[in-house]
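Novice:
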Amino acid sequence: VGAGIVHILVLMMVPELSERDAWSRLAMASDLYRMTPLEAETGGQPVVKSVDPLFLAAACRFDLTDGMIQVRAPGKAPFWSVSVYDRNGHNIYSFNDHRATNATLYMVALTPAQMLEVRRQLPADLDGSIFVETPIAEGIVVVRAFVPDESWRPAVSRFLQQSSCELKEL
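Position one of the sequence shown corresponds to residue 422 (this note's numbering), numbered consecutively onward.
(1) Given Pro569, which residues of its chain have a CB within under 7 Å of its CB, disregarding the five upstream and five downstream residues?
(2) Hey, Leu453 and Ala480: beta-carbon distance below 7 Å or not?
(3) Quick check on Phe476: does DSSP put it in helix, strand or coil?
(4) Which whole-angstrom value describes the C-beta separation of Val492 and Val562, a residue pair presumed to lie in contact below a C-beta threshold of 8 Å?
(5) Between the beta-carbon of Ile551 and the beta-carbon of Met536, is there less than 7 Å?
(6) Which residues share a DSSP beta bridge with Glu460?
(7) Using a threshold of 7 Å, state whether the C-beta atoms of Ile490 and Leu581 are closer than that.
(8) Would you give the residue range spanned by the beta strand (DSSP E) that Trp501 belongs to?
(9) Assuming contact is defined by CB atoms lying nearer than 7 Å, are Ala478 and Arg565 in contact in what I supplied?
(10) Can you look up Glu590 in the DSSP assignment and give me helix, strand or coil?
(11) Is Ile561 helix, strand or coil by DSSP?
(12) From the DSSP secondary-structure annotation, give me the bridge partner or partners of Ala530.
(13) Considering only DSSP beta bridges, list what Tyr514 is partnered with.
(14) Which of the three DSSP states is assigned to Ser451 in this structure?
(15) Could you round the C-beta distance between Ala530 and Val505 to whole angstroms and report it? I think they count as a contact, below 8 Å.
(16) Compute the beta-carbon to beta-carbon distance between Ala450 and Gly510, rounded to the nearest angstrom, for a pair I have assumed lies under 8 Å.
(17) Considering Cα atoms alone, identify which of Leu430, Ala448, Asp518, Ile426 is closest to Glu559.
(18) Of all the options Ser584, Pro495, Glu571, which has the alpha carbon lying nearest to the alpha carbon of Pro474?
Dropping the structure here:
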């Protein structure tokens, strides 16, 4: 009888818990192709709780069926990294500022079919980009930046606020 009650309670909680994944929380906070700070800027609840207090992060949901996406951030941070996740939170690809030209964040995410199209004729504005070919259509790009001490917090916050995630049609 006790196991039956627990089983029924768990089944009743599944819809509530399944709507609390990162994709759903970002969908409630912002639209596709929009960088969203993961930490609460005004002291409210964070969109997704950060595990490391020395990093600030922003995320962007995307759908590659609409076209490829371009993620950029002008300026510098002491260290930054980018990860691409599928809707279920599985990491598809990661890189950091050591891989980028002049430590500048300039990345393009696209499907294999879109990559073939881009290879035929590389647009001039994509020169120097890091190309991330993904086997997924929908996902999340997360940009994290290191805050070595409180004096760096304004610069790192500005770096993330100026970052962009734009749909780029072929």
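Positions of the beta carbon are idealized from the N, C-alpha and C atoms, including for glycine.
Specialist: According to the structure data:
(1) Within the sequence shown, residue 569 is the residue found at index 148, counting from 1. Excluding residues within five positions, the ones whose Cβ falls inside 7 Å are Pro499.
(2) As a working mapping, residue 453 is identified with position 32 in the sequence shown. As a working mapping, residue 480 is identified with position 59 in the sequence shown. Not in contact: Leu453 and Ala480 (Cβ atoms no closer than 7 Å).
(3) Residue 476 sits at position 55 when you count from the first residue of the sequence shown. Strand, per DSSP.
(4) Taking the sequence shown and counting its residues from 1, one reaches residue 492 at position 71. Taking the sequence shown and counting its residues from 1, one reaches residue 562 at position 141. About 5 Å; that satisfies the 8 Å criterion.
(5) Mapped onto the sequence shown, residue 551 falls at position 130. Mapped onto the sequence shown, residue 536 falls at position 115. Not a contact, by the Cβ cut-off of 7 Å.
(6) Here the question's residue 460 lines up with position 39 in the sequence shown. DSSP lists no partner for Glu460.
(7) Counting from one through the sequence shown, the residue named residue 490 turns up at place 69. Counting from one through the sequence shown, the residue named residue 581 turns up at place 160. No; because the gap between Cβ atoms is not below 7 Å, this pair is not in contact.
(8) Walking along the sequence shown from the start, residue 501 turns up at place 80. From DSSP, the beta strand (DSSP E) with Trp501 extends over 501-507.
(9) The residue you call residue 478 lines up with position 57 of the sequence shown. The residue you call residue 565 lines up with position 144 of the sequence shown. Contact flag set, yes.
(10) Within the sequence shown, numbered from 1, the residue matching residue 590 stands at position 169. Coil at Glu590, not helix or strand.
(11) Residue mapping note: residue 561 aligns to position 140 of the sequence shown, counting from 1. It is a strand residue.
(12) Taking the first residue of the sequence shown as 1, we reach residue 530 at position 109. Ala530 pairs with Ile490, Val553.
(13) Residue numbering aside, residue 514 sits at position 93 when the sequence shown is read from its first letter. Beta-bridge pairing links Tyr514 to Val505.
(14) Within the sequence shown, the letter at position 30 stands for residue 451. Coil, per DSSP.
(15) Here residue 530 refers to the residue found at position 109 of the sequence shown. Here residue 505 refers to the residue found at position 84 of the sequence shown. Contact flag correct, Cβ pair sits at about 6 Å.
(16) Sequence index remark: in the sequence shown, residue 450 carries index 29 (1-based). Sequence index remark: in the sequence shown, residue 510 carries index 89 (1-based). The Cβ separation is near 16 Å, so there is no contact.
(17) In the sequence shown, residue 559 corresponds to position 138, counting from 1. Checked all of Leu430, Ala448, Asp518, Ile426; the closest Cα to Glu559 is Ala448.
(18) What you label residue 474 is simply residue 53 of the sequence shown in a count that begins at 1. Nearest option by C-alpha distance: Glu571.
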